[in-house]
Each structure stands twice: as structure tokens, then as C-alpha cells.
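Below is one structure, written out as C-alpha cells; comments come after it.
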Amino acid sequence: GAGGAMAAVLLQSWSDREDCGYVPVAVDPPLEDTDLAEEGMESPVARAPVGAAATECSDTGNEEQQRLQRDLIQLAEQKAERKKRLEELNELWGLRVEEVQEDMRRLQTSIDEQKVALSRLLHPPEEVVHPGPEWLSFVESDSWALLASVVIVANIVMMIEEMLQQKENQEAHGTAQFFWLNHFFMVFYVLELVLKVALMRGTFCCGPISVVWWNWMDLVIVLSGLFDLWMRPFFVEAGILSRHGGGAASLMSLLRVFRLSRILKIMVLFFRSDLSWTEGAGFQFFIMGVIGTNSILMGLEADFPELFLWFYAEQMLLAIFSFEIAVRLRRQKCGFFSHPVDWFWNWLDLVIVAGGVVDQWLMPSIHLAETILGMRTSGESKGQLGQVMMMLRMARLLRILRLVRLVKNIPPLYTLIVGIMEAMQGMVWVLMLCFIVLYAFALVGIKLIGPNGLAIGVPADDFEEITSVFSSVMQSMFILFMTMNGEFEALQPLFRQIPMSRGVFMLFVVISTWAILSILTAVVSDNMINACYNNRLEQQEEQQRENEQRTAKTLEEMLSRHSKAGAKPGIVLKQVFQDLLDNEDSAAELKFATGLGKKDLEDMFALLGRSPDGKAPPVLTQDDFIAGLQREGRAVTERSVMRLEQHMYRLENRIEDITATQRRCAVDDLEQRLQAAVEKAL
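Mapping to the working numbering: the sequence shown position 396 is 387, numbers consecutive.
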């Protein structure tokens, strides 16, 4: 390449010099030509001019040397330019690779979701036909499952409240205010169990273990409730069981704790129910509303902590968030923890909800069960448990981060957050400059006015007050930082005792407040504007892609629906397209899909249509028509102009080839006719 060209030029130069009468003179020590060429020096082999042509050859050699040096500089500049271009290309392709990888992750997520939806459609759950009466099938419906869930939740809340009152009153029996509620819930459970047995009959207890064991669990829970609520009082009155003490009482306490296992019925309903409705936009809007409500309630609770409603509101919100997390875990399974986009939010939500469940539900339930069963906890265990509970309550402060998730789903707020984050990247150097200025002025203050400074003429009574302003580097930097924001109270003793110090701090205010803060404001504003602009461009591009996809799909359906029988697939005839425009309904649909009027659509077909032989009516393929509509709405760029010029150049070459061929054919034909005429004349 360039090295070979330079070597050829050098050889030619030396040969020219030898022709001019130069003879080599040895130079000691010998040096390499390449080393001196990099330094811009002459060759180590000197050529001593002899003869009359020495002066002319010397001038020629100097010009050749200067030319080579210029070529060397140009080559070095070209090399640096190519290197810079290579770095730019590497950076550009790195960004392209990241964008493509992000698109691939997004597409993979969409593919997984579509696979789940397709699998649900292709393999719907088998409809089980029970041997019982058909009118009892409502027991297996979603509406009955929702009613049963509400009843179970209400029963669990009532049981916890009853156990808390029993703990306070040290009573082994239920209080009067819960008597009728207990019987109402028990009647509902018995009725549900009887209806299920009547519907399923023998299949209630016999069948696949994955189905039957839930029924057995329902049966055990209901029977334990029957024994505890209806049969135990008769045994107590008959003297068979004792109200206090003994193994029978412990058994009764265990049965009362076992009543909490009714929460497992919620799990049964959760795994059996069809929760596909939670994938819709309505449920997501509901969750966003719950997050906003939770944030507002947290603020009100901080101002009015004594209000009794906060406990119940917190339990309800925790139940909603637990249901949402459980639904997402059931739908995404292991993908919940490794989602390509939302993995951080998934883990954050799981930690927040798990901390709330342990703090609000699990630990109180364990403590309540220990109290009812008469189990005592040692002091050391209580201390460790208290530390764990304190850590859980501190971890639940992460609930505030749900606001970030709420902001992420509000486009204007999300744009603002993105702008602030991008502005922070540009603020780094401004903050570094601010730190240097504060540090420099703090050192000056300590050296001049600090405890070991050079403060002269200050009364002993005020010396300590003045030197305390610049007692340490951190203290001095903080006071100077407050001074940047207009807080001069800490400097008033210094101003009173040393009036000349006001001029120094005037200079500090000019540098820090007027200059640095102005630069900081400008940097943040510029980054915010750029972030908003880029985000708006991304939204416009996304909207444009969606519009193009929707337009392509609509046009493909319309053109396929109105294509004539026997026509080639994907071909739009002029008459078919004109019939679409003449029909009011199809014309309105075309205008809505393309955003163009009737005259514009006719022009588009005229510009894009092609006649196969130049005589037949023009036809147009669906792909060309859709691609032309997509290009029509885009702005003209330099690349599109160059593409047009290249197309025109190819057409010109083709026309020239055709013209030359026709001219050659005409000449050949004329020669043949002339030759035939000559032969005929002879």
C-alpha cells in the first residue's frame, strides 16, 4: 500500500541523484533510513555532489525530500482519520447491537405470551361432566367461587378478631357477638359441601389424586369446624370434655387453631379458577389505582396515626397486592424472576409483599397460635423475634418505591424522570467543579481563620465563635454550600469582627452562585430538553410503526376481500382499485387507513402502477402499494435523493443500451438490405 509507494519513490529519487553525479560518503555510526524518515531527517548515506551539475541536483533532492515529507504527513493524517472513523463505527455498531438485543428480548417476551395464549386456545381445560344433576353445576362456576372467596376471607378476619378477644379475656369459648356469625359461616360451608357431594357423588372422594385431595381437605376442615362449633359444647355439658386443662382442652385448642386452615380453601379456588381476565388493561389500571391510593393513605397515616381504619385498609391493600403477585407468578412461572425488562420491578414487588405478609399475617398468626396452645416463648427468642420484626418493618418502607412504578406508567412523569436521570450524567463535571471550589475556599478559610489560622486582631471573647465557622474541612464546606444558597447567618460573627471578609465572600458568591449554579441550570435544562425531544421522537416512531402495521393489515384485508376471481394473488388491478374508490364505504375505509383523500389515492396508484407490456392497464402489487404509502408520509432525506439519482442513472444506462441495440439492429438491417440490393443488381 502506502509503504510500497513510498519505497518506490525513494528508489527513484536515489537513482536520479546518482545520475546527477553523487557518490556515497560513509557516515559513522550507520543509522537506519526508516528511523530517520520518521524524524523527518535526511538519509544516513550522504551524497557528495561532484561536477558542474551539483547545484541543480541538490535543488532537485531538496524538493523531493519536501514532497516526501508532505506525503508522509498526509498519510499520517489519513491514518488518524481512518482510526477515528473506525472508533466511531465501533461505537455506532455497539449501539446498534444493544438496540437489536433489546428488540430481541422484547420480541421473545411477546412470543412467550403468544405461546401461552395459543396453548390456552388449542388445549382448553377439559369440561368435566359430573354424574349429579346439571342444575347443581353452578357450584363449579366462577361466580360461586368468588362468593366462596368473599365468605372465607370474612370468616378468617372474624376468627382472628375472635381469637384476639379470647386472648385478652382469657376465655376458652367464643364471645356472644361472634356466635351467630360462626354459625352462619358453618352453615355456608356445610351447604357448599353437600352441594358438591350431590353434584360429584362418587367422584368427590374417588378419582385423580390431584383433584380429589382438595375435596378431602374441604371435608376435613368442615368436619373439624362441625366438631368444634356444634358437637364440643354438648360434650362439655355432658362432662365428657373439660373446659379448662387436660389433654381434651389442648385438643380443642388445636382444633380452634386448625380452623385457620380454611385459608387453604382460598388456594384451592385460586388454582382452579380462570384468571385470564387479570392479563387485560383494566386490571393493570386497577393496580395502578391501588398503588396511588396506597401512597395517599401512607401520607394520611403519617399525619393521623391514631385513626383505627389504617389497620383494616392496610390488610385490604396487602391482600390485593398479594393476589396480584400470585397471579403474575402463576402466569409467568420462572420467567417472573428473569424477565428481560421488568425483572427488577418483579423482585422489588415480591420483596415488599413478602415482607408485608410475614409482618402482618404470618408472625401474628404464629404468636396467636402459640398463645392459644399455651406455648411460652423464652426471653432470648422474643428478643431475636423483635429484631426480625423490626427489620421487616424497615424493609416495608420500600413500599414507597411503588410510586416509581406508578410514575413509569404515566408518560409525562416518566419523560420527566428520564430527563432528570440523563441530566445527572451531564451534572457530574459541574458538581466536580463545585466540589473543587468549595474545597479550595474551605482550605483558605481554615488556614486564615481556623483554630490554627492567621486571624489577627480578633478579641479573645469572639475568637472561638469566629474560628468555629471554619473548624474542619467538612464543616467549612457545608457552611460554604449553605452560603451558595443564600444562608449567611453562620458568617455574621465573621463579618462583624473582620469587615474585609465580606469582599472575599462576595467573590465566592459571584463564582459559586452566579457562575456555577447558572452553568448547572443550563446543563440540566439542555439535557431535559434533549431528553424530552428524544423521548418524543421515540414515541412518534413507535406510533408511526403501529400506524404502518395497522395500515398494512387493513389494506391487505381490503384488497384481498375485493380482488376479482381468477386474478393473481397480491395483484391490484386498476379497475378493482377504482371500484373501491367509487364505493362510499370502502373509500371511507381506505381514507381512514391511509389518511389520504380520493384524489391522492388515485395519484398514488398512477405513480406506482406499472403496465406489463406498456399497452395493458396498469397493475400494482399489494406490497408495492403498501410500501409506497409508507414512504409517502416520510420526509425526504439525502439518502432517498441519492437512491432516486441511482435509479435514474440505471434507467439512463438501460435507455442507452436499448437505443444502442436498436441502432445496431437498424444498421445491420440496412446493411443486409443494401447487400441484397447489390446482389440483385449484379
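Don't be surprised by glycine CBs; every beta carbon is placed ideally from N, CA and C. Quick caveat: nothing in here was measured; it's all calculated off a predicted structure.
query: Less than 8 Å separating the beta-carbons of Val632 and Val563?; result: no
query: Give me the Cα-Cα distance between Val188 and Cys196, rounded to the nearest whole angstrom.; result: 9 Å
query: When DSSP labels each residue in this structure, what does Leu564 get in the three-state scheme?; result: strand
query: How about Ala578 and Lys589: are their beta carbons less than 8 Å apart?; result: yes
query: Write down every uninterrupted run of the alpha helix (DSSP H) in the region 454 to 529 whose length is 4 residues or greater and which is fully enclosed by it, in chain order.; result: 464 to 475, 483 to 488, 492 to 500
query: Would Cys325 be called buried (16 or more neighbouring beta carbons within 10 Å of its own) or exposed?; result: exposed
query: Is the CB-CB distance between Leu190 and Gly283 below 8 Å?; result: no
query: Would you tell me roughly how many angstroms separate the C-alpha atoms of Leu429 and Ser467, rounded to the nearest one?; result: 8 Å
query: For the region 311 to 331 and the region 288 to 301, state whether three or more C-beta atom pairs, one from each stretch, are separated by less than 8 Å.; result: no
query: So, under 8 Å CB-CB, Asn400 and Met549 are touching, yes? Tell me the CB distance rounded to an integer number of Å.; result: With a Cβ gap of about 35 Å, Asn400 and Met549 do not count as contacting.
query: Just to check my reading of the structure: Asp340 and Ile311 have Cβ atoms closer than 8 Å, yes? What is that Cβ distance to the nearest angstrom?; result: Wrong, their Cβ atoms sit about 12 Å apart, outside the cutoff.
query: Go ahead and pull the three-state DSSP assignment for Val610.; result: strand
query: Taking 7 Å as the cut-off, does the CB of Asn521 come closer than this to any heavy atom belonging to the ligand MG?; result: Because no ligand of any kind appears in the structure shown, any question about the ligand MG cannot be addressed here.
query: Look up Ala37 in the DSSP assignment and say whether it is helix, strand or coil.; result: Confidence at Ala37 is low in this model, with a pLDDT of 42, below 50, so its placement is unreliable and no value can be given for it.
query: Determine the DSSP secondary structure at Phe335, reduced to helix, strand or coil.; result: helix
query: By Cβ distance, which residues of its chain are closer than 6 Å to Phe461, with the 5 residues on each side in sequence left out?; result: Gly436, Ile437, Ile440, Gly441, Ser467
query: Given this structure, state the Cα-to-Cα distance separating Ala431 from Ile510, to the nearest angstrom.; result: 19 Å
query: Do Val141 and Val181 have their CB atoms nearer than 8 Å?; result: no
query: Helix, strand or coil for Thr25, going by three-state DSSP, please let me know.; result: In this predicted model, Thr25 has a pLDDT of only 42, less than 50, meaning its place in the structure is not dependable enough to derive any value.
query: Among Pro199, Leu572, Gly198, Val185, whose alpha-carbon lies nearest the alpha-carbon of Asp209?; result: Val185
query: Report the rounded CA-to-CA distance for Phe486 versus Val421, giving the unit in angstroms.; result: 29 Å
query: Please state if the CB of Gln351 and the CB of Leu309 are separated by a distance shorter than 8 Å.; result: yes
query: In whole angstroms, give me the CA-to-CA distance for Ile200 and Leu109.; result: 28 Å
query: Hey, quick one: how far does the alpha helix (DSSP H) through Phe169 stretch, first residue to last?; result: Where Phe169 is concerned, there is no enclosing alpha helix (DSSP H), given that its DSSP letter is neither H nor E.
query: To the nearest angstrom, report how far apart Cys523 and Gln530 are at their CA atoms.; result: 10 Å
query: Sort Arg61, Pro484, Glu533 by Cα distance to Asp94 and report the nearest one.; result: Glu533
query: Using a Cβ-Cβ cut-off of 8 Å (strictly less than) and excluding sequence neighbours within five positions of Thr25, which residues of its own chain qualify?; result: For Thr25, the predicted model reports a pLDDT of 42, less than 50, meaning its position is unreliable; a value from the coordinates is still stated below. No residues qualify anywhere along the chain.
query: Classify Asn206 as buried or exposed, calling it buried when 16 or more other Cβ atoms lie within 10 Å of its own Cβ.; result: buried
query: Terminal residues of the continuous alpha helix (DSSP H) containing Phe276?; result: 272 to 294
query: Go to Asp576, then tell me how far its alpha helix (DSSP H) extends in each direction, as first and last residue.; result: 575 to 585
query: Are the C-beta of Val421 and some C-beta of chain C separated by less than 8 Å?; result: Although the question refers to chain C, the structure presented lacks it and comprises just one protein chain.
query: Exposed or buried, Ala37, counting other C-beta atoms within 10 Å across all chains shown (16 or more means buried)?; result: Reliability fails at Ala37, whose pLDDT of 42 lies under 50, so the model's placement of it is uncertain and no value is given.
query: Would the beta-carbon of Asn173 fall within 8 Å of that of Leu220?; result: yes
query: CB-CB under 8 Å to Lys671, same chain, minus the five flanking residues each way: which ones, in chain order?; result: none
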